[in-house]
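In what follows, a single structure is set out as structure tokens and then discussed.
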């Protein structure tokens, strides 16, 4: 290989690895070494130099350089190089956001004239562009052809690119598990090139999936290659999106404006508009939205214009004459195939209809939004991913609740509708995946090892591996969630002799729609922020008391603080809901973790905490001669006696594993230490004799168990993603098909737990339903009130 050729090869490698400054220096040296008779190489060098110009100076400079390269190729009769330069020009237009112009350029390229390597690159770039323009069949054809050709000639880097982009195509088709799986597999291919662009795309998929903290962490770990202003601008843009979705408007504006400045400096107005859109979304004003809408409309920007119109629609006064024209523009957003954009458009149109007093039209739009969210979750097995997708329905749910006004039936209907869509009520079981089993086994082995710096790092990696695999799990399509209308719910409440309280957020406050089966009423519970602070304070005191002996010098102080806070919480959310009837409550956010039976107003009263009122009404179970299993764990002195007592009472079995017990028994009792992970709730765990079992491992179990009793610290707690979807061990069991779970929402003393569980099972065996049995077992011990009954009614006939 001649010196100039060798330098060009090194420069192309530097470009692939996003080392722009190195590529520029190598290309200049190669040009200087080109001698007579090396015209073909000289044209190739000019094509590569055009990409350097794109990265450093922007689109206009790059297109000028590319045009010069095409002209030189034609003069010399190098048809394959003229085609390569044209393909490069189309790719640069696409990267700059000029998608329609890029499509016209790339579809005009004669791919048959290209060399094998250039043909693969062009097919990849054209296929990726086709996916952005929704030409999905064209995209599949080009990307699959590129992957097959790359595999045939052993071009692993290009095969990885093609398969990564096929994963992006799955995302655009709406199959989030397949998209995450494909991009992860492409990222695993061992190829020596920079993965920045691939990781940016993976982060985009994760943002759309609602995995916002995970996407943000991935983005923060990306270091833009030296000299790549384009990548730095794209990174700022995606970080701005993540901040916006996390509710950090100041950071979103700062990042978006930085990205917009970089795109403007590079002469890329389409991408600048997209970054400006994020800034307007973060701090919406009618002036800013209208200005952006006009600019985008004038140049036919079909991505930015409809969303800017939707923002304008939300910020204009009801009588503003400009509403009509922006309403027409916003309708296009409601037709988007991208879930988050379609929901944003439907919410904007629903809000507009509501502002005009047309509630029928508003509800029609919200029904479409509800159906969109349900479709987005069909076939998604991972509870983590289903919870994340629910983020995009939060604004629609709040608007629907607002439209209900003060109607108890209307509030119950709206709340049930959206909780059914955003909570894992359908029983979705992943298809068997040996990779998940292997990852869970590895995690369990690492948890059993002595903690060291090395094993802790391996443990974090193993958790991330298991979580990522769960996102990509495929499932059988679940049945639609059952949502009963308010009239049927009232009938169910009346027949059960119960009181139903559905908690709803309204204007920064929690309210409860309450019914005894006849007429209903609304109850104000308090400001959301204050109640969340009070619940957190109660949990702090409960945890402290569980770990202090009665003789400890701080014990009296903690007891006094706890008593005062429990009384305050009882006054706020207990007394307003209390009656002589059993209480069924469907809480919101942190109220899921309230120790209801420890509240003075509810002590000794049966209380059931249900994901939805419909799941409570339809999920009651009565079992004749139940098959019972009990398991224990190490480090719990009373575990063996507790397990023996349960087995003696019920004549039950002692299975080897929790999964086996759940698959073969009706009632499963677990006496073990547990841990709720607020940072990663699906890694909440139980420490059993078989090893540590995390919630993620239970998602794929085919459940026979209809009742599970967890006599373990705080495993009844849940953490909520944006969208009000609870995650944790108890939530996982309920979502997997267990009808009723009894578990504590905070740490509980071993002796207290053993005494409560013995009484609880005695009451169950006498025929009491789960909520009544738990109320009787805890009424004489305030500290026992941390146990809660979740789900539906369960009893033995």
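Numbering (my numbering), first residue to last: 368 to 1164. For each residue, glycine too, the CB sits at the ideal point set by N, CA and C.
Residue 768 vs residue 868 beta-carbon contact at 8 Å: no
**Item:** Delimiting residues of the alpha helix (DSSP H) encompassing residue 1107
**Value:** Unbroken run through residue 1107 is the beta strand (DSSP E), 1107-1111; no alpha helix (DSSP H).
Practice problem: For residue 872, write down the residues that DSSP places opposite it in a beta bridge. | Solution: 877
Practice prompt. Return the Cβ separation of residue 1153 and residue 1113 in integer angstroms, given the expectation that the two are a contact with Cβ distance under 8 Å.
Written response: 5 Å
Q: Take residue 597 and list the residues in its own chain whose beta-carbon comes closer than 6 Å to its own, dropping the five residues that flank it on each side.
A: 422
Closer than 6 Å by C-beta to residue 973: which residues in its own chain qualify, once you throw out the five before and the five after it? Chain order, please. 949, 1138, 1139, 1142
Practice prompt. Please classify residue 666: is it buried, with 16 or more other beta-carbons within 10 angstroms of its beta-carbon, or exposed?
Written response: exposed
Candidates 533, 536, 488, of which the one nearest residue 522 by Cα | 488
- Query: residue 708 and residue 700 look like a contact to me (Cβ under 8 Å); what is the Cβ gap, rounded to whole Å?
  - Reply: 6 Å
* To do: Kindly list the residues whose CB is nearer than 6 Å to the CB of residue 989, restricted to its own chain and excluding five residues on each side of it in sequence; keep chain order.
  => 1162, 1164
Let's see if you can read the secondary structure: which residues bound the alpha helix (DSSP H) around residue 1128?
1117-1132
- Task: Check the DSSP bridge columns for residue 951 and list the partner residues they point to.
- Result: 867, 975
What residue from 483, 473, 484 has the CA that sits closest to residue 506's CA? 473
Practice item. Classify residue 502 as helix, strand or coil using the three-state DSSP reduction. Key: coil
Quiz prompt | Within 8 Å, strictly: CB atoms of residue 987 and residue 1159 | solution = yes
| Where the alpha helix (DSSP H) through residue 601 begins and ends | 596-612
Provide the residue span of the alpha helix (DSSP H) that contains residue 658, from first to last.
653-665
Cβ shell of residue 899 (< 8 Å), same chain only, five flanking positions each side left out
956, 957
- Query: Which of the three DSSP states, helix, strand or coil, is assigned to residue 966?
  - Reply: coil
Worksheet item: Using the beta-carbon count (16 or more within 10 Å), is residue 696 buried or exposed?
Response: buried
Beta strand (DSSP E) segment containing residue 1157, residue limits: 1154-1158
- Who are the Cβ neighbours of residue 1134 in its own chain at under 8 Å, not counting the five residues just before and after it? 1162, 1163, 1164
Where does the unbroken alpha helix (DSSP H) through residue 700 begin, and where does it stop? It is not in any alpha helix (DSSP H) - residue 700 carries neither H nor E in the DSSP assignment.
Q) Do three or more CB pairs link the region 616-628 to the region 583-590 at distances below 8 Å? A) no
query: Do residue 454 and residue 476 have their CB atoms nearer than 8 Å?
result: yes
If contacts are defined as beta-carbon pairs under 8 Å, then residue 426 and residue 634 qualify, I think. What distance do you get, rounded to the angstrom? 5 Å
* Asked: How big is the Cα-Cα spacing for residue 640 and residue 780?
  -> 40 Å
Q: Classify residue 886 as buried or exposed, calling it buried when 16 or more other Cβ atoms lie within 10 Å of its own Cβ.
A: exposed
Query raised in the report: Just how far apart, CA to CA, sit residue 1165 and residue 414?
Result: Coverage of the chain is limited to positions 368 through 1164, which leaves residue 1165 absent and any answer about it impossible.
Bridge partners - residue 1020, DSSP secondary structure assignment: 996
- Query: Apart from the five residues on each side of it in sequence, which residues of its chain come closer than 8 Å, Cβ to Cβ, to residue 722?
  - Reply: 685
Pairwise C-alpha distance: residue 407 and residue 535: 36 Å
Our contact map puts residue 469 next to residue 450 with C-beta atoms below 8 Å; I'd like the distance itself, whole angstroms only. That belief does not hold up - the Cβ atoms of residue 469 and residue 450 are roughly 16 Å apart, past 8 Å.
(request) Give the straight-line distance between the Cα atoms of residue 785 and residue 991, rounded to the nearest whole angstrom. (result) 35 Å
> With a Cβ-Cβ cutoff of 8 Å, do residue 566 and residue 589 count as a contact?
Replying inline: yes
For residue 886, three-class secondary structure by DSSP = coil
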